[in-house]
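Numbering (full-length UniProt numbering), first residue to last: 1 to 328.
Idealized CB from N, CA, C, for every residue including glycine.
Here is the structure we will look at.
Printed below as a string of structure tokens:
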């Protein structure tokens with residue numbers, strides 16, 4: 001059963017125009033950061049979102065934990081529509097919906113000690129006394145590998161490395177024992193040598209807490225490691241979604257295949273697919289399939305009609321007029 005479900009989710013940002021543009025045109029323009037996406041995340045499942053910068057991955061994650069309001073669509077959590085919840089009801093739900101931000105240097109308050117970062121969520125949600133909060137904070141610091149915990153408890157963020165800060169961010173999210181977590185590229189700004197340990201830490205929390213997670217990344221090799229399913233996004237659209245083994249070994253969308261062909265392999269690959277040109281300006285997206293100007297398999301219908309997600313296998317869907325059958 002799905003823990004989280006979204007239906008026809010949209011987030012459109014109005015374009016800020018210059019004075020001259022306003023005079024010449026009264027037409028409102030929008031950037032469609034997330035454009036009519038639907039998917040679910042099952043209990044204990046990790047859905048990895050993959051795509052280039054600006055494709056809508058992070059905005060989707062922020063919408064799901066209620067950091068932003070959708071332009072349209074529905075968000076369901078544990079069978080309840082939470083799209084428009086506010087006030088006290090939202091505060092109660094927020095305890096169960098957490099996010100780990102990409103930048104460990106910007107996500108912590110430089111004026112607060114590490115212990116305070118972990119205690120505050122417990123105190124805000126009335127889950128512990130001050131004494132209990134400190135005990136839980138120390139336990140969580142040990143859990144994420146920041147030892148001796150007493151020393152880290154009294155430090156400030158500037159006294160920590162990037163990897164240590166991200167461990168604090170993970171601890172802050174997990175101390176509330178959430179049911180659903182969005183991890184927004186949590187290892188992209190961390191030294192390569194430390195990334196595996198952070199990923200292992202996240203997977204251990206998933207296992208111990210039976211967490212549902214959206215893991216946002218631009219790295220398909222990381223998505224393959226941590227995800228149960230993969231969703232590939234392009235210009236605000238999900239172009240392919242399915243189980244990891246199906247998307248990795250039998251990609252049905254040309255964009256997915258191109259991303260996979262770019263992943264280094266010791267075995268080498270016979271097929272290399274070059275993604276030509278630049279991603280389209282989201283202010284002026286192309287008609288039809290958003291990927292067609294860069295697609296080597298483009299046909300006339302691709303520029304005229306936007307494809308819908310169609311089933312190409314068990315729990316495997318693709319938005320393409322001419323799905324591929326490749327083995328990379």
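Residue 234, buried or exposed, once every other Cβ within 10 Å from all chains shown has been counted against 16: Per the 10 Å Cβ criterion, buried.
Which one or two residues does DSSP pair with residue 279 in a beta bridge? Answer by DSSP bridge pairing: none, since residue 279 is not bridged.
When the distance is taken between beta carbons, is residue 92 closer than 8 Å to residue 81? No, these two residues do not count as a Cβ contact at 8 Å.
Should residue 64 be labelled buried (16 or more other beta-carbon atoms within 10 Å of its own) or exposed? With 16 or more other Cβ atoms within 10 Å, it is buried.
For residue 2 and residue 78, the rounded distance between their alpha carbons: Separation of residue 78 and residue 2 (C-alpha to C-alpha, rounded to the nearest whole angstrom) is 7 Å.
Indicate the three-state DSSP secondary structure (helix, strand or coil) for residue 72 in the structure shown. Strand.
Residues bridged to residue 97 (per DSSP): In the DSSP output, where bridge partners are listed per residue, residue 97 has 180.
To the nearest angstrom, how far is it from the Cα of residue 288 to the Cα of residue 150? For residue 288 and residue 150, the distance between alpha carbons rounds to 58 Å.
Please determine if the stretch 137 to 156 and the stretch 104 to 123 are in contact, where contact requires at least 3 C-beta pairs separated by less than 8 Å. With a cut-off of 8 Å, the stretch 104 to 123 and the stretch 137 to 156 count as touching, because enough Cβ pairs lie within range.
Supposed close pair residue 238, residue 319 - CB separation, criterion 8 Å: Contact between residue 238 and residue 319 is confirmed by a C-beta separation of about 7 Å, below the 8 Å threshold.
Let me know if residue 308 comes out buried or exposed under the rule of 16 or more other beta-carbons within 10 Å of its beta-carbon. Residue 308 counts as exposed, since fewer than 16 other C-beta atoms from the protein chains shown sit within 10 angstroms of its C-beta.
Would you mind sorting residue 254 into buried or exposed? The rule is 16 or more other CB atoms within 10 Å of its CB. With 16 or more neighbouring CB atoms inside 10 Å of its own CB, residue 254 falls in the buried class.
What is the C-beta distance between residue 329 and residue 226, in whole angstroms, given that I count them as a contact (C-beta under 8 Å)? Beyond the ends of the chain as shown, which are 1 and 328, falls residue 329; an answer cannot be given.
Between the C-alpha atoms of residue 328 and residue 165, what's the straight-line distance to the nearest angstrom? Caution is warranted here: a pLDDT of 41 is assigned to residue 328, below 50, making its placement in the model unreliable, and the coordinate value is therefore given only provisionally. For residue 328 and residue 165, the distance between alpha carbons rounds to 37 Å.
Buried versus exposed call for residue 221 [16 or more other C-beta atoms within 10 Å across all chains shown]: Using a 10 angstroms sphere on the CB of residue 221, the tally of other CB atoms stays under 16, which defines it as exposed.
For residue 162 and residue 118, the rounded distance between their alpha carbons: Between the C-alpha atoms of residue 118 and residue 162 there is a straight-line separation of about 17 Å.
Run through the stretch 31 to 71 for me and flag every whole beta strand (DSSP E) of 3 or more residues, listed as ranges in chain order. Segments of the beta strand (DSSP E) lying fully in the stretch 31 to 71: 46 to 50.
Measure the C-alpha to C-alpha separation of residue 291 and residue 275 and round it to an integer number of angstroms. Their Cα atoms are separated by approximately 10 Å.
Count the CB pairs spanning the stretch 122 to 136 and the stretch 173 to 180 that are closer than 8 Å, and state whether there are at least three. Between the stretch 122 to 136 and the stretch 173 to 180, the count of Cβ pairs shorter than 8 Å is three or higher; the stretches touch.
Quick one, which of 4, 137, 29 and 5 has its alpha-carbon nearest residue 12's? With distances taken between Cα atoms, residue 12 lies closest to 29.
Would you mind reading off the limits of the beta strand (DSSP E) that contains residue 13? Per DSSP, residue 13 belongs to the beta strand (DSSP E) from 2 to 14.
Beta carbon of residue 52 nearer than 8 Å to that of residue 228: The answer is no: Cβ separation not under 8 Å.
Residue 311 - partner residues in DSSP beta bridges: Paired residue(s): 317.
Per-residue DSSP class, three states only, for residue 240: Taken through DSSP and simplified to helix, strand or coil, residue 240 comes out as strand.
Near residue 132, which residues of its chain fall below 8 Å by C-beta distance, leaving aside the five closest residues on each side in sequence? Taking residue 132 as the centre and dropping the five residues before and after it, the same chain places the C-beta of 122 closer than 8 Å to its C-beta, in chain order.
Pick from 322, 248 and 214: whose alpha carbon is nearest that of residue 98? Nearest Cα to residue 98 within the set 322, 248 and 214: 214.
Per DSSP, residue 229 is paired with what? Looking at the DSSP assignment, residue 229 forms a beta bridge with 47 and 243.
Please indicate yes or no: does the CB of residue 36 lie closer than 7 Å to some heavy atom of the ligand PLP? This structure simply doesn't include the ligand PLP, nor any ligand for that matter.
Just how far apart, CA to CA, sit residue 302 and residue 31? Computed Cα separation, rounded: 21 Å.
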